[in-house]
Structures are given as C-alpha cells and as structure tokens.
Ligand SMILES: [Mn+2]
C-alpha cells in the first residue's frame, strides 16, 4: 500500500519499537537514512535499532555506532531505508521477506514488496525523505541526526554535483549546516581524500577501458585479480563506476567487477538525456536514470561483451 508522507509520519508516530534495514553493499544513503531515522525515533522517546549489516565498510561504520542489533527484536516494526527490491537485501535476511512493514525509498524502478511504502523518486536521496518525516514528527533533531542525514544527502548526489541535486537537496543540506554539521570535514573525508590504491585502480581503468561510439560510451571490466594485486578494499572501490564517466565526451559508462562467488556486478552511470536503467533492466537490475546496477550471471569477459552489445542497441 502506498502511503503519503503524512500517513507515513502517522504510522511512525503510532508505533514504538522499530528495527531498520539497509541494503546490501550499503552506501552512505542507506546507512545515513537508517541512522538518522533511528536516532530521530529515539529522540522521540521510542525504541529503535538498525539491524547490523554484515557488509558495512569502515568508511561508514561510524554512522551506526551504538545503533545496531544482530537479531530481530520481538514485536519490532520493521522499516527499510533506500531498499528498492528484495534482491537488494543482504542474502541472510531472506527470512524477513513478508515481515517488512514499511519501506522508505527513492528508487523509481523499485518493486513493491512491503506492506506499506513511501517512495519519492524525485528525491535525490532517501535521507531527504527521512528529513521530511522527522520534521512532520516534530522531532527536534540534533547534530548526530543531521550528520547522518548529510552523509546520505551528499553521497547520493556526489557532493551536490549529480543531476538529481535539487532545491530540496540544498534545503535539506542547509538544515544540516544549521544543526551544526561540519560539512567541510565530512566533504574532505568523503570526497577529497583518495587512498593510493584507489588512485592506482583509476590508473588501471584509464589504461584498460574500452571507448565505443566515437568515445561517447565506455565499458570497463575489472578482473578480480587486478583488484587483488592493487590491494583495493571495498571502500576504495566505492562509486568507482562514476570514474569512467568523468572522461570528456563519455555519456554512458558501464563498469563491471567480478564478485568472489563468480558473478559479475554491473554499474552504469549516465549523463542527463541518457537512461542508465535501459541497460541494467536487460540484466534484471534497476536503479536511477543517472546511476543503475545489475548482477550478471556470466564470467567477466562474456558479461562485458553482452553489456557492450546492449549499449550499442539501446543508445543508437
Ligand atoms: Mn539512495
């Protein structure tokens, strides 16, 4: 059942014990949204936890300090933040399917899988929706709440550079500044600092990406062996798929990586006027027009070839 913001706020007001779920390969938005919602609900006198996500990386682990539980508390009202489909939940949470009461999300290509949902595809980040809900709940908010919101807002907009960035995004960010968030420090940490390993993998990408269609499209397939030899962590690879898109002239960039279990992970980035989901839906994935993803059950080279074909077909 689709809810309005007001109805969602009422549902949150009417319940007292919450458990919040985040998506696999958790990013700043799913974690920032979950942390802000959890902290906000606690400020309102409610009991709230975030279910410990086994894939949280050191880069974002500070967000969940003191907020996580490892098992589902009894009678918890389960909410997910930034989760577009059942496939986006960590595999070990499959038993929670059907028990999720409310989904708060901003993915346009999302599938309904919870009892209630608030989905706002025009919102650049899920964190902006959480901000609005906390306002409707008249939650006072404090610096930790707004720190978490700022991480979600800034990471999903590439620090306010992506085309999804709206007036609303800046209003939410302004509220963060007003609440005492040190945006300079967070921006330095999140966007102005690279490990040497990340720079080395970028150098590898520059040398090995395939430019198609007169240089308007890029396909980059990164073998796991290369990641291992460079020594990158998942944090180093965060949003790496945006990098080939930064080459002048490239409108759509596809980045493929091998997972440990032999699957291939596809991430597509597109500039306005091009829809990244045109590629990912062909492989059972989804996402946003500017940023989308899918898992492909093929070895890396075959997957890259399949992606190249689809790109040449859907972007004539
Ligand atoms: Mn998001």
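In the numbering used here, the protein residues as written are 2 to 317.
C-beta: ideal position from N, C-alpha, C; glycine also.
Contact between residue 259 and residue 225 is confirmed by a C-beta separation of about 4 angstroms, below the 8 angstroms threshold. The closest heavy atom of ligand 1 lies 8 angstroms or more from the beta carbon of residue 209. When distances are taken from the beta-carbon of residue 159 to the heavy atoms of ligand 1, even the shortest one reaches 8 angstroms or more. Within the same chain, Cβ atoms closer than 7 angstroms to the Cβ of residue 10 are found at 134, 137 and 138, the five residues on either side in sequence being excluded. For the alpha helix (DSSP H) assignment, the uninterrupted runs of no fewer than 4 residues enclosed by the segment 102 to 159 are, from N- to C-terminal side, 127 to 137 and 144 to 157. Taking the Cβ of residue 169 as the reference point, every heavy atom of ligand 1 lies at 8 angstroms or farther away.
Residue 178 is classed as exposed because its beta carbon has fewer than 16 other beta carbons within 10 Å across all chains shown. Within the same chain, 198, 201 and 202 come within 6 angstroms of residue 231 by CB-CB distance, once the 5 residues on both sides are set aside.
A Cβ-Cβ distance of about 6 angstroms is found for the pair residue 287 and residue 293, placing them in contact under the 8 angstroms criterion.
Assigned with DSSP and collapsed to three states, residue 211 falls in strand.
In the displayed model, residue 238 falls within coil according to three-state DSSP, outside both helix and strand. The closest CA to that of residue 120, considering only 114, 128, 108 and 129, is found on 108. Residue 239 has its Cβ no nearer than 8 angstroms to any heavy atom of ligand 1.
Contact annotation: residue 156 and residue 28 have beta-carbon atoms nearer than 9 angstroms. For residue 36, the enclosing alpha helix (DSSP H) has its first and last residue at 29 to 44. The DSSP-derived three-state label of residue 78 is strand.
Positions of the beta strand (DSSP E) runs, each at least 3 residues long and wholly inside the segment 224 to 282, are given as 253 to 259 and 265 to 271 in order along the chain. When rounded, the separation of the alpha-carbon atoms in residue 145 and residue 176 is 13 angstroms. Residue 67 has its alpha-carbon roughly 24 angstroms from the corresponding atom of residue 239.
Put simply, of 180, 234, 210 and 16 the residue whose alpha carbon is nearest the alpha carbon of residue 244 is 210. Beyond the five residues adjoining it in sequence on each side, residue 273 comes within less than 7 angstroms, by CB distance, of 164 in the same chain, given in chain order.
Note that the segment 58 to 67 does not touch the segment 78 to 90; fewer than 3 beta-carbon pairs, one per stretch, sit closer than 8 angstroms. Selection 76, 130 and 92 evaluated against residue 100 yields 76 as nearest (Cα-Cα).
At least one heavy atom of ligand 1 is found less than 8 angstroms from the C-beta of residue 107. In terms of Cβ geometry, residue 48 and residue 14 do not form a close pair [threshold 9 angstroms].
For the options 253, 301 and 249, the alpha carbon positioned closest to that of residue 312 is the one of 253.
In the three-state reduction of the DSSP assignment, residue 62 falls in the helix class, which pools H, G and I.
For the 9 angstroms CB-CB criterion, residue 4 and residue 21 do not form a contact. Only residues of its own chain outside the window of five on either side were considered, and among them 33, 36, 37, 40 and 64 have a CB closer than 7 angstroms to the CB of residue 149, listed in chain order. The beta carbon of residue 94 sits closer than 8 angstroms to those of 22 and 52, all from its chain and outside the five residues before and after it, given in chain order.
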